[in-house]
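Written out below as C-alpha cells is the structure these notes cover.
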Amino acid sequence: RITPGQVTVITIDDQNATWYNFTRFKDAEKGCHISGMSELKKYFQRFGYLSIPNNQKDNFTDVFDAQFESAVILYQQKFGLPVTGKLDSETISTIMSPRCGVSDTESTIHAMKH
Amino acid sequence: FAYFYGRPRWDRGSSMTLTYAFSPTDMIDYISLPEIKTVFKRSFSRWASVIPVNFTEIDDYPSANIKIGFFKGDHGDGQPFDGVLGVLAHAFSPENGRFHLDEDETWAIDFEKVKSKKAIDLESVATHEIGHILGLAHSSIKEAVMYPSLKPRSKKVNLKLDDVEGVQALYGSNPNFKYSSLLAYENSYNK
Chain A
255 RITPGQVTVI TIDDQNATWY NFTRFKDAEK GCHISGMSEL KKYFQRFGYL SIPNNQKDNF
315 TDVFDAQFES AVILYQQKFG LPVTGKLDSE TISTIMSPRC GVSDTESTIH AMKH
Chain B
20 FAYFYGRPRW DRGSSMTLTY AFSPTDMIDY ISLPEIKTVF KRSFSRWASV IPVNFTEIDD
80 YPSANIKIGF FKGDHGDGQP FDGVLGVLAH AFSPENGRFH LDEDETWAID FEKVKSKKAI
140 DLESVATHEI GHILGLAHSS IKEAVMYPSL KPRSKKVNLK LDDVEGVQAL YGSNPNFKYS
200 SLLAYENSYN K
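Same order as they appear, the protein sequences are chains A and B.
If you count the first sequence from 1, you need to add 254 to reach my numbering.
If you count the second sequence from 1, you need to add 19 to reach my numbering.
Shown next, in the form of C-alpha cells:
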C-alpha cells in the first residue's frame, strides 16, 4: 500500500502587494505589446525615467517602444543592473522591490569625488 | 552620491542644530513611542557623527525643522502612499523638513519579534530619509544607505563611504569623525 506523501504548501503572501502585477512583464523587450504596460510606464515616469511623449497626449500606450527601452536602460544603469534594455528577471525583481518615494533622477545632480 | 537640483542644504550658521518632532496625531501604535524615538535618535546620531550638525528632539511639532509622521494614502502633499510595500516613505529636500512614512507598512524594529514577510526595518528607512532631509538624493551604489530600495526583512543602517562623502561635501566634516574608523568598518564588513 502506498502512503500519501506529505505535501507542504508554501503561501506567497506578496500577491496583494503594490507592483506585484509587474511580474507579468518579465522578459518583455522592445516591440512587445502587453496589456497594462502603461502602468509600468507610469512607474518609470513617477521615479524620473520617462516623460509622456507628445504623440501619446495624456496616457501611455501598452507598447514597449524605443523611448521605454531608453528608460529601462537608464533604470538599469542607476540600479547597477546588467544593461540589457529588456525587462529581465533581475530588472523586474528590482522594480518590484519596496523603495523610497523620492524620484531617482528628476531634479537631481550627480557628483563624484575626484 | 547625488544631490537635489541646486544642491540645497540647511543653512543655520556655523554651529548648526536642527530640531525634529513627531506628529502628535499621525503615528503608529504597535511600536511604542519611546521605542520609535530611540530608533530615530540612533538614525540621527549616525549622520551627526560625520557632519557638524546636531539633531535635537522637541515636543513642539509645528515649530520643528524636521516633522516626522506616519500617513496613509493621499495625505495632502501630492505624493500619495500606495498601501502595503511599494513606496515605503518619502522626505523632502532642504529646508522643507517633512518626513513621511507609509502607515500601511508593517514597521519593525526587531525581526525576531515581527515575523511578517513584509516587515520593513524602521531604522533603515529612517536613516535613508534623513539623508534626503539633509540634501542627498539617491545613490547608485547598492551598499549605500541612499540606494533607493530596501527588501522586506533587511537592514541597512550603517553609513557607507559614498553616503559620508556626499553629506560631508554639503556640510563639512565633524571634527571628531575619522575616515580610518569608517574604512576599518567597511573592510571588516567586506571580509
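Think of the CB as a built atom: it goes at the ideal place given N, C-alpha and C, for glycine as much as any other residue.
If you're wondering where the values come from, they're calculated on a predicted model, not measured in any experiment.
Contact under 7 Å by Cβ, Asp45 of chain B with Phe90 of chain B = In the second sequence, the residue the question calls residue 45 of chain B occupies position 26. In the second sequence, the residue the question calls residue 90 of chain B occupies position 71. The answer is yes: Cβ separation under 7 Å.
inquiry  = Using only the alpha-carbon positions, how far apart do Gly290 of chain A and Ser82 of chain B sit?
reply    = Locating residue 290 of chain A in the first sequence gives position 36, where the first residue counts as 1. Locating residue 82 of chain B in the second sequence gives position 63, where the first residue counts as 1. When rounded, the distance between both Cα atoms is 45 Å.
task = Taking Lys332 of chain A as the query, report the chain B residues whose CB atoms sit under 9 Å from its CB, ordered along the chain.
result = As a working mapping, residue 332 of chain A is identified with position 78 in the first sequence. Within 9 Å Cβ-Cβ: His157, Ser159 and Pro167.
ask   = Looking only at C-alpha atoms, which of A:Ala282, A:Thr272, A:Tyr274 and A:Thr277 sits nearest to Asp319 of chain A?
value = Against the first sequence, residue 319 of chain A aligns to sequence position 65. Selected option, being the one with the closest Cα: A:Ala282.
key: Partner residues on chain B for Gly355 of chain A, Cβ-Cβ distance less than 7 Å   = The sequence position of residue 355 of chain A within the first sequence is 101, counting from 1. Ordered by position in chain B, the residues that pass the 7 Å Cβ test against Gly355 of chain A are Gln98, Val106, Ala108 and His109.
inquiry  = If you measure between the beta carbons of Val356 of chain A and His151 of chain B, is that distance less than 7 Å?
reply    = By one-based count along the first sequence, residue 356 of chain A stands at place 102. By one-based count along the second sequence, residue 151 of chain B stands at place 132. Yes, the pair counts as a contact, with Cβ atoms nearer than the cut-off.
query = Quick one: any contact between the region 120-132 of chain B and the region 290-305 of chain A, if contact means 3 or more CB pairs under 8 Å?
reply = Put simply, the region 120-132 of chain B does not touch the region 290-305 of chain A. Fewer than three CB pairs are less than 8 Å apart.
request  = Look up Asp121 of chain B in the DSSP assignment and say whether it is helix, strand or coil.
outcome  = Residue 121 of chain B sits at position 102 when you count from the first residue of the second sequence. Strand, per DSSP.
key: Where Pro171 of chain B meets chain A, residues with beta-carbon distance less than 8 Å   = Position 152 of the second sequence, counted from the first residue, corresponds to residue 171 of chain B. In chain order: Pro352.
query = Would the region 65-73 of chain B and the region 24-42 of chain B be scored as touching if the rule is three or more Cβ pairs under 8 Å?
reply = Flag = yes, the region 65-73 of chain B and the region 24-42 of chain B touch.
inquiry  = Just checking: is the beta-carbon of His368 of chain A within a distance shorter than 7 Å of some beta-carbon in chain B?
reply    = On the first sequence, residue 368 of chain A is found 114 positions in, with the first residue counted as 1. Its pLDDT being 44, under 50, His368 of chain A is placed unreliably in this model, and the coordinates cannot settle the point.
message = Just to confirm my understanding: we take Arg172 of chain B, look at its own chain, exclude 5 residues before and 5 after, and list those with CB closer than 6 Å. What are they?
response = Start at 1 with the first residue of the second sequence, and residue 172 of chain B comes out as number 153. Excluding positions up to five away in sequence, the list reads Phe130 and Ala138.
task = Using 10 angstroms around the beta-carbon of Ile77 of chain B, count the other beta-carbons present and answer buried if the total reaches 16, otherwise exposed.
result = For the purposes of this step, residue 77 of chain B is taken as the residue at position 58 of the second sequence. Burial state of Ile77 of chain B is exposed, judged by a 10 Å Cβ sphere holding fewer than 16 other Cβ atoms.
query = For Asp267 of chain A, does the three-state DSSP call read helix, strand or coil?
reply = Reading the first sequence from its first residue, position 13 is the one you call residue 267 of chain A. Low confidence applies here, because Asp267 of chain A scores a pLDDT of 48, under 50, leaving its location unreliable; read the following figure in that light. Of the three classes helix, strand and coil, the one that applies to Asp267 of chain A here is coil, per DSSP.
For Ala282 of chain A, the three-state DSSP class (helix, strand or coil) = The residue labelled residue 282 of chain A in the question sits at position 28 within the first sequence. Annotated three-state conformation of Ala282 of chain A is coil, per DSSP.
ask   = By the 10 Å Cβ neighbour count, where 16 or more other Cβ atoms means buried, how is Leu153 of chain B classified, buried or exposed?
value = In the second sequence, the residue the question calls residue 153 of chain B occupies position 134. Classification for Leu153 of chain B: buried.
task = Within its chain, find whatever has a CB closer than 6 Å to the CB of Phe18 of chain B; leave out the 5 residues flanking it on each side and keep chain order.
result = Outside the shown range of chain B, which is 20 to 210, sits residue 18 of chain B, and nothing can be said about it.
request  = Could you tell me whether the Cβ of His94 of chain B comes closer than 7 Å to any Cβ of chain A?
outcome  = Position 75 of the second sequence, counted from the first residue, corresponds to residue 94 of chain B. Chain A has no Cβ within less than 7 Å of the Cβ of His94 of chain B.
ask   = What three-state label does DSSP hand Phe333 of chain A in the structure shown?
value = Sequence index remark: in the first sequence, residue 333 of chain A carries index 79 (1-based). In this structure, Phe333 of chain A counts as coil in the three-state DSSP scheme.
ask   = In chain A, which residues lie with their C-beta within 8 Å of the C-beta of Asp132 of chain B?
value = The sequence position of residue 132 of chain B within the second sequence is 113, counting from 1. According to the sequence displayed, residue 132 of chain B carries Lys and not Asp. Taking a Cβ-Cβ cut-off of 8 Å, Lys132 of chain B has no neighbours in chain A, whose nearest Cβ is about 18 Å from it.
query = What residues match up with Asn275 of chain A in a beta bridge as DSSP calls it?
reply = As a first step, residue 275 of chain A is located in the first sequence; it is residue number 21 there, counting from the start. In the DSSP output, where bridge partners are listed per residue, Asn275 of chain A has none listed.
request  = List the endpoints of the continuous beta strand (DSSP E) containing Asp140 of chain B.
outcome  = Counting from 1 along the second sequence, the entry for residue 140 of chain B is found at position 121. Where Asp140 of chain B is concerned, the enclosing beta strand (DSSP E) stretches over Ala138 to Asp140.
key: Neighbour list for Ile139 of chain B in chain A, Cβ cutoff strictly below 8 Å   = The residue given as residue 139 of chain B occupies position 120 in the second sequence. By Cβ distance, chain A contributes Pro352.
request  = For Tyr166 of chain B, name the three-state secondary structure that DSSP assigns.
outcome  = As a position in the second sequence, residue 166 of chain B is number 147, starting the count at 1. Three-state result, Tyr166 of chain B: coil.
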